[in-house]
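Colleague:
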């Protein structure tokens, strides 16, 4: 018997992944003996020729990832020998022809990401050989045919993001081989399929965003292979079962937005692989089990919107990988445990709308990774605001409102350079506001309903007035408000405009040496900007070669020690006759880094624009670029596997922040090992934002090709639209290079085709260091497999995948 093509045969003929354009010629229908046809990943337009119905010997037809329009010809139903049919990622319209039910040999049917409407035809129940049915991200509607229960070989059913309604077929998984059940974001209702409980092969289940009903305590079973389970936002009830602890491979468990009751089982502490536990907006009761501290992989814990009570166990501080902790809107009491300071990776902490009392632990100021939110509002907290909170230099939003806090707002909070909002309303605070542009320009509601705050803010009294003390009737004079001219965001924007104007005029008029524009971005140099300029010139002996620590296309980087003993890196831009590129690069770095506050992105301290030179001043990163360290024989030996995996995570954190947390998004466009710096602890920082682009939603975001050869995605080398995909592809190359110790080169092209022979990690991993220990080995294998899998899947699935690299074992959609 002739062997059938496997799923790995993603490119059956060399016509795929080229630059083919135009329409598919109907004359291909004359190739009666043709067995495989693949023209995927091109730029083909037009419709699928009906003449394809003549290719009755065809076993593999792949047209995915083009711009094919029109409807699927009913003549495709004549291809009775077809084993693989993939037309996904096009702009197909119309309905699915019922004639596809004739394809009884079909194993893989992939129509996802089109504009197909209508229903799934009833004859699909005849596709007894079907193993993969993927029609997600279309406009399909109606109910699913009950005949789908006849597909006993079905291993993957992906129908998410459509408009399906009705109930699920009760026998959808009766074959006992179903691994992926993805029906998210439809309008399904009714009970969970009765066969779901005994379907032990399940690997990934996504039911969220429907109206399903059922008792999860009774309708679900134990799934030893399960990695991902999301049942959020349905109408499910029952209790969280302790049996879930037996799903030892589970990495994500999401049950938010249901009607669950009961307590959180203490057995959950045994789920060592769980990274996300989301059970918000339910009716859970009881205390938070201290045993949850055993969940060593947990990085997102959201139990908000329940009826949890008791004290927050101090053992929560042992969750060393936790990045998000949201316990808001419960009835928790007692003091906030100072052990939270041990959560060194925490980005968001929300304890609002509870009954916490006592003072704010000053140890919270030690959680310097906090970036997105610190919300302690709507509690019963007393005492003063700790000045230690000023150490949260990356924090964007601070909410301490609706408590019983007293005293003055610490002046040190003025140094929180990333803070965009601070709400201290409805407390008992007094005294003057700290001297900061953030406070000066703040809306009055941030400070409303306090007893004695004063400052230059609408609705607050001006400072300097005589105020009467209610207790001893003595008069006290509030210190007059002293304005300290810190350069805020508004001034910074004005300076940036001036810089651009100066650069454009520099060619047409001769400037005097004294005309210098200084931008002291963060006021970290602690002295006058013009003095800083002179100090840098002196420290580098007018940019002498002996202080040079790096050279690039736009300029050289110098090490400078200032009179304050602070060491900085100075990038001096080349003076060229044609300065358009350098001028744009200089401007790009200022504009991009103004909007970035992240611990894995190099800090920009200031800039200088003068007739003599233009330069940028950064924090100094001791070890220099990753490329030099990774490719050196001795220095590479210092990069053990634990350090290498941490470097991958650091870069992933920075990219995810730029792509998903910045508004608008920022694309670097030149991610390479030359632009990743390592400090003395081998922590990684992204640098060199000269080609960065701020993606504007109302713009086409078109640009010339930018980046370093060997790190640019092939499909982006002939495209002019900038997207996050260019960074994500480059990030994938970085992963391979860090694991291999050298640029992956030809390995990338071999991974991009599914019919290439498998590549084993042990054959390509860096041999200069000993093999990783078991704990690290699992993570290394994960990164390699995920990147290899992403290359094999192709350009259509790259966007946003840098998020998934944060933690091992998080499955892909």
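Numbering (full-length UniProt numbering), first residue to last: 1 to 813.
For each residue, glycine too, the CB sits at the ideal point set by N, CA and C.
#1: Using C-beta distances below 8 Å, list every residue in its chain close to residue 624, excluding the 5 sequence neighbours before and after it, in chain order.
#2: In angstroms, rounded to a whole number, what distance separates the CA positions of residue 28 and residue 145?
#3: Name the two residues that bound the continuous alpha helix (DSSP H) containing residue 644.
#4: Provide the residue(s) that pair with residue 569 in DSSP beta bridges, ordered along the chain.
#5: What would DSSP say about residue 551, mapped onto helix, strand or coil?
#6: If we ignore side chains and look at the alpha-carbon of each, how far apart do residue 165 and residue 189 end up?
#7: In whole angstroms, what is the alpha-carbon distance linking residue 337 and residue 647?
#8: Which of the three DSSP states is assigned to residue 32 in this structure?
#9: So for residue 163, helix, strand or coil by DSSP?
#10: Indicate whether the contact test is met: 3 or more Cβ pairs, each with one atom in the stretch 729-736 and one in the stretch 614-623, closer than 8 Å.
#11: Does residue 675 come out as helix, strand or coil in the three-state DSSP assignment?
#12: Using alpha carbons as the reference points, say which of 654, 173 and 219 lies closest to residue 192.
#13: Using only the alpha-carbon positions, how far apart do residue 513 and residue 541 sit?
#14: So residue 226 packs on residue 203, CB below 8 Å; how close in whole Å?
#15: Going by C-alpha distance, which of 617, 457 and 672 is nearest residue 536?
#16: Can you tell me whether DSSP reads residue 804 as helix, strand or coil?
#17: Among the residues of its own chain, which have a CB less than 6 Å from the CB of residue 158, if the five just before and after it don't count?
#18: Report the CB separation of residue 245 from residue 224 in whole angstroms; it is logged as a contact under 8 Å.
#19: When you compare only the Cα positions, how much space is there between residue 154 and residue 162?
#20: Quick one: residues in its chain with C-beta nearer than 7 Å to the C-beta of residue 126, no 5 flanking neighbours on either side, listed in chain order?
#21: When burial is assigned at 16 or more other CB atoms within 10 Å of the CB, is residue 327 buried or exposed?
#22: In angstroms, rounded to a whole number, what distance separates the CA positions of residue 812 and residue 457?
#23: On the three-state DSSP scale, how would you describe residue 373?
#24: DSSP three-state call for residue 235: helix, strand or coil?
#25: Evaluate residue 455 with the Cβ neighbour count: other Cβ atoms within 10 Å of its Cβ, from every protein chain shown; 16 or more gives buried, anything less gives exposed.
#26: Going straight from the alpha carbon of residue 175 to that of residue 123, what length do you get?
#27: Can you list, in chain order, the residues of its chain whose CB lies under 6 Å from that of residue 315, leaving out five sequence neighbours each side?
#28: To which residues does DSSP link residue 333 through a beta bridge?
#29: Please name the residue in 56, 18 and 98 whose C-alpha comes closest to that of residue 65.
#30: Does DSSP put residue 382 in a helix, a strand or coil?
#31: Below 8 Å between beta carbons: does that hold for residue 85 and residue 68?
#32: In the DSSP output, which residue or residues are listed as bridge partners for residue 694?
#33: Where do the ends of the alpha helix (DSSP H) carrying residue 142 lie?
#34: Residue 136 lies in the beta strand (DSSP E); which residues open and close that run?
#35: Alpha carbon to alpha carbon, what distance is there between residue 395 and residue 407?
#36: Can you tell me which of 187, 73, 741 and 308 puts its alpha carbon nearest to the alpha carbon of residue 635?
Modeller: Checking against the coordinates, here is how it stands:
#1: 549, 550, 677 and 678
#2: 34 Å
#3: 641-656
#4: BP columns for residue 569 point to 559 and 618.
#5: strand
#6: The straight-line gap from Cα to Cα measures roughly 7 Å.
#7: 31 Å
#8: Note: residue 32 maps to coil in three-state DSSP.
#9: Strand.
#10: No, the stretch 729-736 does not touch the stretch 614-623.
#11: helix
#12: 219
#13: Note that residue 513 scores 38 on pLDDT, short of 50, meaning its location in the model is unreliable and no value can be drawn from it.
#14: The Cβ separation is near 6 Å, so the contact holds.
#15: 617
#16: Note on residue 804: pLDDT 36, under 50, position unreliable in the model; no value is reported.
#17: 134, 136 and 182
#18: Between residue 224 and residue 245 the Cβ distance is about 12 Å, and since that is not below 8 Å, they are no contact.
#19: 20 Å
#20: Excluding sequence neighbours, residue 126 sits near 101 and 104.
#21: buried
#22: Confidence is the limiting factor: at residue 812 the pLDDT is only 30, short of 50, which leaves the residue's position unreliable and the question unanswerable from this model.
#23: strand
#24: Strand, per DSSP.
#25: buried
#26: Between residue 175 and residue 123, the C-alpha separation is close to 18 Å.
#27: 290 and 293
#28: 311 and 355
#29: 18
#30: strand
#31: no
#32: 666
#33: No alpha helix (DSSP H) holds residue 142; the beta strand (DSSP E) holding it covers 139-142.
#34: Neither: residue 136 is in no beta strand (DSSP E) and is coded neither H nor E.
#35: A direct Cα-Cα distance of roughly 22 Å separates residue 407 from residue 395.
#36: 741
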